[in-house]
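Enquirer: Top to bottom, those sequences are chains A and B. When the letters of the first sequence are read in order and numbered with the UniProt record's numbering, they come out as residues 1 to 412. When the letters of the second sequence are read in order and numbered with the UniProt record's numbering, they come out as residues 1 to 260. Positions of the beta carbon are idealized from the N, C-alpha and C atoms, including for glycine.
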Amino acid sequence: MRYLNGLLVIIIMFSGHCLSAETISVCSTCKIKSIKEGIKTAAEFDTLLIKKGTYKEFNILIDKPLTLLGENFPIIDGEDQGEIIRVTADNVTIDGLFIINVGTSYTSDYAAIRVVKSENFIIQNIVLEKLFFGIYLEKSNNGKVYHNKIIGDAVDEYNSGNGIQLWYSKNVEVDRNIVQGVRDGIYLEFSDNITINNNISTNNLRYGLHFMFSNDDIYTNNTFENNGAGVAVMFSKRIKMIGNTFRKNWGAAAFGMLLKEINDAEISGNTFEENTIGINIEGSNRIKYINNNFIKNGWAIKVLGACYTNTFEKNNFLYNSFDISYNSKLNDNVFNQNYWSDYAGYDLDQNGIGDVPYRPVKLFSYIVNRTPETIVLLRSLFMDIIDFSEKVSPVFTPDNLLDANPLMKRTK
Amino acid sequence: MLKILKYSFYDLMRSRWSYVYFLFYLALGFVLLFLNNDVSKAVITLMNIIIVLVPLIGTIFGVMYYYDSKEFTELLLAQPIKRSSIFLGQYLGVACSLTLSLVLGLGIPFLLYGLFKSNVIFDFSLLLVTGAFLTLIFTAIAFNIALSNENKIKGFGYAVLAWLFLAVVYDGLFLMSLIVFEEYPLDSFSLAATMFNPIDLSRTLILLKLDISALLGYTGAVFKEFFGTNTGLIISILMLLLWTVLPIGRLAYKAKRKDF
Chain A
1 MRYLNGLLVI IIMFSGHCLS AETISVCSTC KIKSIKEGIK TAAEFDTLLI
51 KKGTYKEFNI LIDKPLTLLG ENFPIIDGED QGEIIRVTAD NVTIDGLFII
101 NVGTSYTSDY AAIRVVKSEN FIIQNIVLEK LFFGIYLEKS NNGKVYHNKI
151 IGDAVDEYNS GNGIQLWYSK NVEVDRNIVQ GVRDGIYLEF SDNITINNNI
201 STNNLRYGLH FMFSNDDIYT NNTFENNGAG VAVMFSKRIK MIGNTFRKNW
251 GAAAFGMLLK EINDAEISGN TFEENTIGIN IEGSNRIKYI NNNFIKNGWA
301 IKVLGACYTN TFEKNNFLYN SFDISYNSKL NDNVFNQNYW SDYAGYDLDQ
351 NGIGDVPYRP VKLFSYIVNR TPETIVLLRS LFMDIIDFSE KVSPVFTPDN
401 LLDANPLMKR TK
Chain B
1 MLKILKYSFY DLMRSRWSYV YFLFYLALGF VLLFLNNDVS KAVITLMNII
51 IVLVPLIGTI FGVMYYYDSK EFTELLLAQP IKRSSIFLGQ YLGVACSLTL
101 SLVLGLGIPF LLYGLFKSNV IFDFSLLLVT GAFLTLIFTA IAFNIALSNE
151 NKIKGFGYAV LAWLFLAVVY DGLFLMSLIV FEEYPLDSFS LAATMFNPID
201 LSRTLILLKL DISALLGYTG AVFKEFFGTN TGLIISILML LLWTVLPIGR
251 LAYKAKRKDF
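#1: Check this for me: beta carbons of A:I196 and A:T220, under 9 Å apart or not?
#2: Does DSSP classify A:H17 as helix, strand or coil?
#3: Would you mind telling me which residues of chain B sit closer than 7 Å to A:T374, beta carbon to beta carbon, in chain order?
#4: For the region 239-248 of chain A against the region 263-283 of chain A, are there 3 or more C-beta pairs whose distance is under 8 Å?
#5: Contact between the region 273-289 of chain A and the region 209-228 of chain B is defined here as three or more beta-carbon pairs at a separation below 8 Å; is this criterion met?
#6: For A:E138 and A:D216, I'd like the C-alpha separation in whole angstroms.
#7: Answer yes or no: do A:N316 and A:N292 have a C-beta to C-beta separation smaller than 9 Å?
#8: Which bits of chain B does A:K296 rub up against, with CB to CB less than 9 Å?
#9: Can you check which of these residues, A:A300, A:L188, A:P65, A:G305, is closest to A:I239 by C-alpha distance?
#10: Going along chain B in order, which residues have a C-beta closer than 7 Å to the C-beta of A:T220?
#11: Could you compute how far the alpha carbon of B:A159 sits from the alpha carbon of B:A192?
#12: With the cut-off set at 9 Å, would you say B:A252 and B:L88 are in Cβ contact?
#13: Name, going along the chain, the residues of the region 251-278 of chain A whose beta-carbon falls closer than 9 Å to a beta-carbon of chain B.
#14: If the cut-off is 8 Å on Cβ atoms, which residues from the region 43-60 of chain B count as contacting chain A, listed in chain order?
#15: Give me the Cβ distance between A:G134 and A:I85, rounded to the nearest whole Å; I'm assuming they're in contact under 8 Å.
#16: Per DSSP, A:F294 is paired with what?
#17: Within the 9 Å Cβ cut-off, does B:V94 reach chain A?
#18: Mind checking whether A:L318 and A:G354 have CB atoms under 9 Å apart?
#19: With three or more C-beta pairs closer than 8 Å as the rule, is the region 147-161 of chain A touching the region 178-186 of chain A?
#20: Quick one: grab the DSSP three-state call for A:M241.
#21: Suppose you measure from the CA of B:F156 to the CA of A:R379; what does that come to, to the nearest Å?
#22: Determine which residues share a DSSP beta bridge with A:R86 and list them.
#23: Cα separation between A:N125 and B:A221?
#24: State the Cα-Cα distance for the pair B:R203 and A:I295, rounded to the nearest angstrom.
#25: Thinking C-beta only, is A:E79 closer than 9 Å to A:K56?
#26: Does the Cβ of B:A255 have 16 or more other Cβ atoms within 10 Å, making it buried, or fewer, making it exposed?
#27: Quick one: does B:T204 have its CB under 9 Å from some CB of chain A?
#28: Taking B:T194 as the query, report the chain E residues whose CB atoms sit under 9 Å from its CB, ordered along the chain.
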């Protein structure tokens, strides 16, 4: 509803001023040759039509409600001088620009587009290359970041910025963006009620998506692939994660998803495929994991303690080296009606639920936790024998950690 | 040598052992695929079988064949034939027929279940290659043991012990040593230890394909170099070759000097 209201506000405001709004063309042969000049001459709610060409400008300040519309992707080249566009007014739309060469600084976070304390902004169809920070929203609410392409060339974490960063921003929609090769693809700090849909975040140095102290956010249908450490959700409450794909995050500290101090979240319909660790959980409570697919991960789920009342239901665990790993003997989480590809039980009464409970934690995963080098003994006959004996009579693994109703067929 | 190889090969065919072995793998392949209905899962189960069963069958078959054909061997020794050709011919005859049964027996069901359509074709061929290597290695070890022991019971005992040691006990000792010395940097040691056991070596080779995401979870630089690049694959295959050549070399060497 809130977004609808926001949109309505935009529409009403635009329609109210449409009568007086003018279109000002900017190009090398026009009367107005630079974007800065164009902004200066424009009246509120005008449209700046930027024609194809290269504009070597930086520190462009948009301090009145304007629409910056690029025709055939005009290039704005910042020549590594600093920030390129700063928006300080409400109701600004930036559309169809190609921005390159944002300056790098260790003291101020130069961004290609920075929105400061503004409302109802729309940033769409922007292509960013050679950037430091991409789109930086600072204390700005009710906006939309739609269909942008951010291609960074970050090499080191310390001198690279984030693709899309939200800081103290609320009710923002981040949709259909492609972010790659930056530090964090999408970064949220103190930002509530954010919707992040259909984005593709790949090959980033650190996280594909990173939450910090942000509550009531929702992200759906995003793809996160081959990021340095996957997706991190930290110190946040009531986050919904639905239908996302986490793939190929490989490495010693790489996760499909890292949960740290997350409470009351819902994680459903996601696919975790070929990650070193599918989900790494630490100090997270009351989370519902429903209908997720864990396929060919090293560890599907690694639980590192202080995780209580989580429920895992109707998930598919397919061909993971380890399904679940625990580092303590205590268990307060519930596993119910999941499908485990390693399950070897039978179903005599044909109700689709195995008659023997499944124990997802192998003794070997404890040994690997203790002495990591033992990973080379994965799938050896000796390990299978001791895993089997542990399954028959649990000594090291929590004996209440079991799926009492394992499914016989994978859930769709 | 080729003549003897051919003779041994046909001898095994006639004695129907090759067929039994072939049919066993055929049935295994079909049952696995029928129960799992999923090629990628079947490959994992198959790996466990290949790593345990192939060496066992290779060992027992090798020892059995050697003792069985001993009289014939002695007859051949009376002829003007090079000793190395006699023994190598026999060895290759057994090893080749076993390998052929394995590859065909497992290959046919997987082909019928649409292996080419799935993306596990490389994993599967790697599986068959390691299976073939294991057959060659363990038949050679069996021939070596049989050659050094006149007593059939003793020979059999040693052969089974050798298999048991390499398949189970070795990993147990390996694990114990890793846990006892866990304070020390162990990554080079653990990789070296896998190299000294052909079964572990083949396992590692298959793990490189199946469980690479888990193997990369460990922080060590040596592991990263080994598992993260093609180095691991190349070194493992080279070591497997070495493991094949060494017992065969010893077989030829011993055969030349043995007093019959």
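Expert: Let's see:
#1: yes
#2: In this prediction, A:H17 scores a pLDDT of 49, lower than 50, which makes its location untrustworthy; no coordinate-derived value is stated.
#3: L175, L178
#4: yes
#5: yes
#6: 18 Å
#7: yes
#8: S40, L210, D211, S213
#9: A:L188
#10: In chain order: nothing, as chain B lies at least about 25 Å away.
#11: 24 Å
#12: yes
#13: G251, A252, A253, A254, E274, N275, T276, I277
#14: I44, M47, N48, I51, V52
#15: With 8 Å as the limit, A:G134 and A:I85 do not qualify as a contact, their Cβ atoms being about 11 Å apart.
#16: A:F272, A:F317
#17: no
#18: no
#19: yes
#20: strand
#21: 28 Å
#22: A:L61, A:R114
#23: 42 Å
#24: 21 Å
#25: yes
#26: buried
#27: yes
#28: Absent from the structure is chain E; the protein chains it does hold are A and B.
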